[in-house]
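Written below as structure tokens is the structure these notes are about.
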Amino acid sequence: MVSWLPGAFRPTLATIVVLMLAVPDAPALTITPDDIVEIPSGVSGSGNGTLDLRMATFSGSEITNANFDNGNNTLPQGGGADVSFFDESYVTTGAELQAYYTLNFGATAIGDTQLVIFLDLNETGGGQANNTLRILDIILNPTSIQGSPDPTGDVTSDEQAAINQVYSGGTKIVELDPEPTENLPVNSQGAGFADYAIATGIDPFALSTSDVLLFNFSMSTLNNGAEEFFLSGEFAGSDIPGVPAVPEPGTAALLGLGLLALASRQRRN
Numbered sequence: 001m002v003s004w005l006p007g008a009f010r011p012t013l014a015t016i017v018v019l020m021l022a023v024p025d026a027p028a029l030t031i032t033p034d035d036i037v038e039i040p041s042g043v044s045g046s047g048n049g050t051l052d053l054r055m056a057t058f059s060g061s062e063i064t065n066a067n068f069d070n071g072n073n074t075l076p077q078g079g080g081a082d083v084s085f086f087d088e089s090y091v092t093t094g095a096e097l098q099a100y101y102t103l104n105f106g107a108t109a110i111g112d113t114q115l116v117i118f119l120d121l122n123e124t125g126g127g128q129a130n131n132t133l134r135i136l137d138i139i140l141n142p143t144s145i146q147g148s149p150d151p152t153g154d155v156t157s158d159e160q161a162a163i164n165q166v167y168s169g170g171t172k173i174v175e176l177d178p179e180p181t182e183n184l185p186v187n188s189q190g191a192g193f194a195d196y197a198i199a200t201g202i203d204p205f206a207l208s209t210s211d212v213l214l215f216n217f218s219m220s221t222l223n224n225g226a227e228e229f230f231l232s233g234e235f236a237g238s239d240i241p242g243v244p245a246v247p248e249p250g251t252a253a254l255l256g257l258g259l260l261a262l263a264s265r266q267r268r269n
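So for the sequence shown, the working numbering puts the first residue at 1; every next one is plus one.
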């Protein structure tokens, strides 16, 4: 976890991508504490806004993301019962991620875009210091997903909620390191604003439009309240000070080749 200060992308990314191309069981890109950036109060509105893509939150009904896959609606709500953990998932495609960023930022403004996941913590009791992010990983092209949702169609909230991180095959391209990561204290009390921006190092435009991406989220030691993971339609890539920059074009191209190589290798196996 880092303070709200300018940062640079991890210099080891290019090396990791080369390993992805060369090694059959190459390690995933890692989200380290340096890639989890505290956001000051009131800076980034949460997925309650119309520009944002709500990946996982609580809702008593369908979480509609206009023109995109709907959100998982079963995170803890904080309505009285103190639910201290969750293990949930969200699935979508490269095509939908690319369309989302193009819609919000325009085709001429996507050069520095990387997939940054925003986390809105909403805990009771004045801000707890014990919110643990246990799992945040991204699986490329799993061969099966629990409930058999069709990512090329419009995945419903119920289908997203039914996955529960149960899948087979595919390649883990991003994961936390360490896992679990350090505790994340609430720094923006109340719903509606993100507490953290999490840089994944993935350029969505390096993906194939047919690629399927499965996001898995786990948190524990929570203290009531409603959490939310979302993509921002207001901020992307280096638009948030302190978020590590997207890989430079040469590295991003290598990343795209690495993802394709991994996907092709997995399909052949």
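C-beta: ideal position from N, C-alpha, C; glycine also. These numbers come from a predicted model, not from an experiment.
Cα-Cα separation between residue i and residue j, rounded to whole angstroms
{"i": "A161", "j": "I202", "result": "24 angstroms"}
{"i": "G169", "j": "I117", "result": "24 angstroms"}
{"i": "S232", "j": "V243", "result": "13 angstroms"}
{"i": "D150", "j": "D112", "result": "30 angstroms"}
{"i": "D195", "j": "A245", "result": "19 angstroms"}
{"i": "L176", "j": "I135", "result": "7 angstroms"}
{"i": "E88", "j": "V155", "result": "15 angstroms"}
{"i": "P24", "j": "P142", "result": "Unreliable placement is indicated for P24, whose pLDDT of 44 sits below 50; no coordinate value is reported for it."}
{"i": "D35", "j": "I198", "result": "6 angstroms"}
{"i": "P185", "j": "N131", "result": "6 angstroms"}
{"i": "I240", "j": "F217", "result": "22 angstroms"}
{"i": "E228", "j": "V43", "result": "16 angstroms"}
{"i": "T30", "j": "V166", "result": "21 angstroms"}
{"i": "G225", "j": "L133", "result": "15 angstroms"}
Per-residue DSSP class, three states only, for residue i
{"i": "E182", "result": "coil"}
{"i": "N122", "result": "coil"}
{"i": "E96", "result": "helix"}
{"i": "V23", "result": "The predicted position of V23 is uncertain, since its pLDDT is 41 and thus under 50; no value can be drawn from it."}
{"i": "A28", "result": "coil"}
{"i": "D87", "result": "strand"}
{"i": "A293", "result": "Limits of the chain in this structure are 1 at one end and 269 at the other, which puts residue 293 out of reach."}
{"i": "T209", "result": "coil"}
{"i": "N65", "result": "strand"}
{"i": "F105", "result": "helix"}
Anticipated Cβ contact below 8 angstroms, residue i with residue j, distance rounded
{"i": "F205", "j": "Q98", "result": "6 angstroms"}
{"i": "F215", "j": "Y90", "result": "5 angstroms"}
{"i": "V174", "j": "A28", "result": "6 angstroms"}
{"i": "N70", "j": "E62", "result": "6 angstroms"}
{"i": "S84", "j": "T221", "result": "6 angstroms"}
First and last residue of the uninterrupted beta strand (DSSP E) at residue i
{"i": "G71", "result": "F68 to G71"}
{"i": "E228", "result": "E228 to L231"}
{"i": "L53", "result": "L53 to A56"}
{"i": "E38", "result": "I36 to E38"}
Heavy atom of the ligand PLP within 7 angstroms of residue i beta-carbon
{"i": "L176", "result": "What this structure holds is no ligand at all, so the ligand PLP is not there to describe."}
- Whole beta strand (DSSP E) elements within the stretch 132 to 180, 3-residue minimum: 132 to 140 and 171 to 176
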